[in-house]
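S.K.:
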Ligand code: ATP
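Residue numbers (our numbering): 2 to 804.
#1: Which residue wins for smallest C-alpha separation from residue 449, given the options 475, 439 and 457?
#2: Should residue 90 go down as buried or exposed, given a rule of 16 or more other Cβ atoms within 10 Å for buried?
#3: Please report how far the alpha carbon of residue 567 lies from the alpha carbon of residue 756, in whole angstroms.
#4: Residue 703 bridges to which residues according to DSSP?
#5: Could you tell me if the beta carbon of residue 312 falls within a distance shorter than 8 angstroms of some heavy atom in the ligand ATP?
#6: For residue 755, list the residues DSSP reports as bridge partners.
#7: When you compare each of 530, 15, 717 and 129 to residue 45 by their alpha carbons, which one comes out closest?
#8: Count the other C-beta atoms from every protein chain shown that fall within 10 angstroms of the C-beta of residue 333, then say buried if there are 16 or more, exposed otherwise.
#9: Name the two residues that bound the continuous alpha helix (DSSP H) containing residue 170.
#10: I'd like to check one pair, residue 604 with residue 616: are the Cβ atoms closer than 9 angstroms?
#11: Looking at residue 344 and residue 14, is the spacing between their C-beta atoms short of 9 angstroms?
#12: In whole angstroms, give me the CA-to-CA distance for residue 534 and residue 561.
#13: Can you tell me whether DSSP reads residue 516 as helix, strand or coil?
#14: Would you be able to state if there are at least three C-beta pairs under 8 angstroms between the region 70-80 and the region 27-38?
#15: Output needed for residue 363: all residues of its chain with C-beta closer than 7 angstroms, excluding positions within five of it in sequence on either side, in chain order.
#16: The ligand ATP and residue 339: does the residue's C-beta get closer than 8 angstroms to at least one heavy atom of that ligand?
#17: Using the beta-carbon of each residue, find all residues closer than 6 angstroms to any heavy atom of the ligand ATP and list them in chain order.
#18: When DSSP labels each residue in this structure, what does residue 479 get in the three-state scheme?
#19: List, from N- to C-terminal side, the beta strand (DSSP E) runs of 3 residues or more that fit wholly inside the region 562-593.
#20: Under 7 angstroms Cβ to Cβ from residue 117, same chain only, skipping five residues before and after it: list those, please.
#21: Using 8 angstroms as the cut-off, classify the Cβ of residue 6 as near or not near the heavy atoms of the ligand GTP, replying yes or no.
#22: Within 8 angstroms, do at least three Cβ pairs link the region 628-641 to the region 353-372?
#23: Tell me whether residue 132 sits in a helix, a strand or coil according to DSSP, three-state version.
#24: Can you tell me the Cα-Cα spacing of residue 64 and residue 248, whole angstroms?
#25: Of the residues 526, 457 and 462, which one's Cα is nearest the Cα of residue 490?
#26: Would the region 579-596 and the region 712-728 be scored as touching if the rule is three or more Cβ pairs under 8 angstroms?
#27: With a threshold of 8 angstroms on Cβ separation, who are the neighbours of residue 424 within its own chain once the five nearest residues in sequence on each side are excluded?
#28: So residue 468 packs on residue 497, CB below 8 angstroms; how close in whole Å?
#29: Write down every uninterrupted run of the beta strand (DSSP E) in the region 288-313 whose length is 3 residues or greater and which is fully enclosed by it, in chain order.
#30: Could you tell me the alpha carbon to alpha carbon distance between residue 447 and residue 493, rounded to whole angstroms?
#31: Short of 6 angstroms in beta carbon distance, which residues of its chain neighbour residue 428, apart from the five on each side in sequence? Order them along the chain.
#32: Roughly how many angstroms separate the alpha carbons of residue 436 and residue 803, rounded to a whole number?
#33: Look up residue 771 in the DSSP assignment and give the residues it is bridged to.
#34: Would you mind sorting residue 591 into buried or exposed? The rule is 16 or more other CB atoms within 10 Å of its CB.
#35: Give the DSSP-derived three-state secondary structure of residue 1 in the structure shown.
#36: Report the start-end ranges of each alpha helix (DSSP H) in the region 381-469 that is 4 residues or longer and not cut off at the edges.
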């Protein structure tokens, strides 16, 4: 099969990673891989010039003769085709008559042509909006150009417009083939051979506006850019006691505004799907902000989606909001329109992993596609890559925009995924001072503590829990320094305003340590009684889970523990059993990606250098494996798989062969990721020394240990948003279980089962799993889950790395 990939519509971070994954997986599956420059426009223009034949050599510039054993290797035969890199600065002036790409839009590419693309924003192969492709003649020309190059499969990465175009193109394809035959452009053999076009879509859109998928390529990075900007604005807003109105993208979809609002601790948001319900948005907004100012807030942040409007569809613009804040509340107000800043920059970790997984799946879809299978778009549901009928996704997406246009906001909301609705409810709950009180006899004294190492998002979760308590009339009790602190009565009553800035803070505001309640179980129970603790939220990693397990097991002996208790997993190691994600793991991956990008640059700049990078993670290889996938590392070592002498020997041989195939003078740095506990014998230092010794004149090696930098500084927006959503669910669980326990006559541990739970993300569901069930799924000795969902990704990372 010959697969071509194109990017179309607005660019988004992660498109390069998608192209890279399609090319690499295509080659590995024995296909010829091509890229189309400038989206559909390139398809219509096609190739008016033959390729520079001297460039068309798989091992062009290869300084060494290929060993016999490698001559049949698919990867080696497809290393490079001379035209790439395509659009990097200074190398892509295709208007230059002598440039090899002049007059060529559909280009064969090889493995090394897409090397290093993962970490780069935008799209190297260019994107465009093509009016010609909207015409039948344009699409006929596109079909002719594809057939001319022998291409029978197409991957389109773009928004709903691009995908609609793709579907149209495919459905018309047989007609185009007939016309081309009638015009004499193609012969009978080609009619036979190119009877149908295989097509698959990848959703590249920063708005996250596509139905039937949780996330679109580019949306996570756009969210990063927005949150970075608002984090910066926050400090100056507080200094001057100013209000800032921040306009973000999102014509028909408020996802960016909503999630940015949650993650940045904004005061008010305007999104197209849910305009303020009252007659006057001005009054509604001013009432909320005035209340915030009355309790002493010094800064105000209002986020306005580009497509925001009131309930009668009158646009609400940032300048309108500014005017109201200045005139009605007398606030010194500034407007910041983020504009194209949101599209730009290096992709965050998730925008490398997601397009990679989806690009791989796209190739698999093409390989199994027949004339009768529908066109699919590749989506994601939590962490499962999915295939969704392309037109169903497009029509559902357009339905949401239509519902907004018809003022049917309920319908518009129902067309978003459940996370959207939950996030909006969560935002409303934690950004308001209005009360939604529970009856007096249901009010609880809720203890909140951190246990284990700090992880990004802990503070955001704590802030949410505390604000939820204020909303419902419960008393929040902050326990400082975990169980040790509890034994010393280090307990405070945090206020609504006191936690205002916690959303963006890394580390642990409450203080944390690894001490478990078994240090003095009787003492801990006594403190639960002294402080009349009615419910407990523990935020932390494997220790926090172990602490909950101990408390649950002690319930028969200590009545003080017969209360609802919940553990919210937060650890960079992501080793809590049963849950796919812990808070902090996304922040950590981003810290790793940032560090590795810098290391890789230095590795390439100084000499041909292999960096062996050591990651944290305890006996869980999650960070190393996902980090390898996100950074394009060539090798990864995890504790689950370990390292043997044989595997190490093969790995060294592979790295040597790989460097031997590089074009002289154009070698780049390579990364090897090693989890700190992957092996007691084959340490990072030893592997580095072996590589150095074996590298000879081909390459050098160095090591770097990322250590605690992986805890990250400021938590990632994804961790903050996830913290809010999960913390809200934990609090609702505590309320519900408190009522249930009150009604129980039998308060044995068995009867209480389920009231001590761990909140877990399992595929597309959030499950509050009884702590005893979590224990069953745990490898207690190695402190990790038994069957992690990501184990296959280690192999995928190495496969795409070239091994
Ligand atoms: P974004 O979300 O950034 O706007 P998009 O893919 O929706 O991305 P569009 O401008 O709508 O962007 O579409 C990109 C290109 O896809 C168009 O320029 C056009 O070439 C093609 N296209 C869109 N809709 C159609 C259609 N109905 N028929 C044929 N081609 C189409």
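Even for Gly, the Cβ is constructed at its ideal location relative to N, Cα and C.
M.R.: Concretely, from the data shown:
#1: Indexing the chain shown from 1 puts residue 449 at position 448. Of the listed residues, the one whose Cα sits closest to residue 449 is 475.
#2: Reading the chain shown from its first residue, position 89 is the one you call residue 90. For residue 90, the predicted structure reports a pLDDT of 43, less than 50, and the residue's modelled location is therefore unreliable. A value from the coordinates is still provided. It counts as exposed.
#3: In the chain shown, residue 567 corresponds to position 566, counting from 1. In the chain shown, residue 756 corresponds to position 755, counting from 1. Their backbone Cα atoms lie some 8 angstroms apart in a straight line.
#4: Position 702 of the chain shown, counted from the start, is the residue given in the question as residue 703. Beta-bridge analysis with DSSP links residue 703 to 612.
#5: Counted from its first residue, the chain shown places residue 312 at position 311. It does not: the Cβ of residue 312 is nowhere closer than 8 angstroms to a heavy atom of the ligand ATP.
#6: For the purposes of this step, residue 755 is taken as the residue at position 754 of the chain shown. When DSSP reads this structure, residue 755 sits in no beta bridge, so it has no partner.
#7: Taking the chain shown and counting its residues from 1, one reaches residue 45 at position 44. For the residues 530, 15, 717 and 129, the minimum Cα distance to residue 45 belongs to 129.
#8: Along the chain shown, one-based indexing puts residue 333 at 332. So residue 333 counts as exposed.
#9: What you label residue 170 is simply residue 169 of the chain shown in a count that begins at 1. Unbroken alpha helix (DSSP H) run through residue 170: 161-183.
#10: Mapped onto the chain shown, residue 616 falls at position 615. Mapped onto the chain shown, residue 604 falls at position 603. It is not a contact, given that the beta carbons lie outside the stated cut-off.
#11: The residue labelled residue 14 in the question sits at position 13 within the chain shown. The residue labelled residue 344 in the question sits at position 343 within the chain shown. Result yes, Cβ atoms of residue 14 and residue 344 sit closer than 9 angstroms.
#12: In the chain shown, residue 534 corresponds to position 533, counting from 1. In the chain shown, residue 561 corresponds to position 560, counting from 1. C-alpha separation (whole angstroms): 8 angstroms.
#13: By one-based count along the chain shown, residue 516 stands at place 515. In the structure shown, residue 516 sits in coil (DSSP, three-state: anything other than H, G, I, E or B).
#14: Judged by Cβ distances under 8 angstroms, the region 27-38 makes contact with the region 70-80, as three or more pairs qualify.
#15: In the chain shown, the residue the question calls residue 363 occupies position 362. So the qualifying residues of the chain are 23, 156, 201, 203 and 379.
#16: The sequence position of residue 339 within the chain shown is 338, counting from 1. Because no heavy atom of the ligand ATP lies under 8 angstroms away, the Cβ of residue 339 does not count as near it: no.
#17: Any residue whose Cβ sits closer than 6 angstroms to a heavy atom of the ligand ATP makes the list: 9, 10, 11, 41, 130, 131, 134, 135, 159, 160, 161, 162, 163, 165, 166, 169 and 206.
#18: For the purposes of this step, residue 479 is taken as residue 478 along the chain shown, with counting starting at 1. DSSP places residue 479 within a strand segment (E or B) once states are collapsed to three.
#19: List check, beta strand (DSSP E) in window: 566-570.
#20: On the chain shown, residue 117 is found 116 positions in, with the first residue counted as 1. If the five residues before and after residue 117 are omitted, its C-beta is found closer than 7 angstroms to the C-beta atoms of 669, all from its own chain and listed in chain order.
#21: In terms of ligand content, the structure shown lacks the ligand GTP and carries the ligand ATP instead.
#22: Flag = yes, the region 353-372 and the region 628-641 touch.
#23: Locating residue 132 in the chain shown gives position 131, counting from the first residue. The three-state reading of DSSP puts residue 132 in coil, since its state is none of H, G, I, E or B.
#24: Counting from one through the chain shown, the residue named residue 64 turns up at place 63. Counting from one through the chain shown, the residue named residue 248 turns up at place 247. Low confidence applies here, because residue 64 scores a pLDDT of 41, under 50, leaving its location unreliable and the question unanswered by this model.
#25: Here residue 490 refers to the residue found at position 489 of the chain shown. That would be 526, whose Cα lies nearest to the Cα of residue 490.
#26: Counting Cβ pairs under 8 angstroms, three or more are found: they touch.
#27: Within the chain shown, residue 424 is the residue found at index 423, counting from 1. The answer, listed in chain order, is 259, 260, 263, 722, 725 and 726.
#28: Against the chain shown, residue 468 aligns to sequence position 467. Against the chain shown, residue 497 aligns to sequence position 496. Contact holds; Cβ gap of about 6 angstroms.
#29: Qualifying beta strand (DSSP E) stretches, in chain order: 301-306.
#30: Your numbering for residue 447 matches position 446 in the chain shown. Your numbering for residue 493 matches position 492 in the chain shown. So the alpha carbons of these two residues sit roughly 12 angstroms apart.
#31: Counted from its first residue, the chain shown places residue 428 at position 427. The answer, listed in chain order, is 262 and 263.
#32: Counted from its first residue, the chain shown places residue 436 at position 435. Counted from its first residue, the chain shown places residue 803 at position 802. Going by the C-alpha atoms only, they are around 57 angstroms apart.
#33: Working through the chain shown from its first residue, we reach residue 771 at position 770. For residue 771, which the question treats as bridged, DSSP gives the partners 758.
#34: One-based indexing of the chain shown puts residue 591 at position 590. Counting Cβ neighbours within 10 Å, residue 591 comes out buried, since at least 16 surround it.
#35: This structure cannot speak to residue 1, because the chain is shown only from 2 to 804.
#36: Here the runs fully enclosed are 391-406, 410-415 and 419-431.
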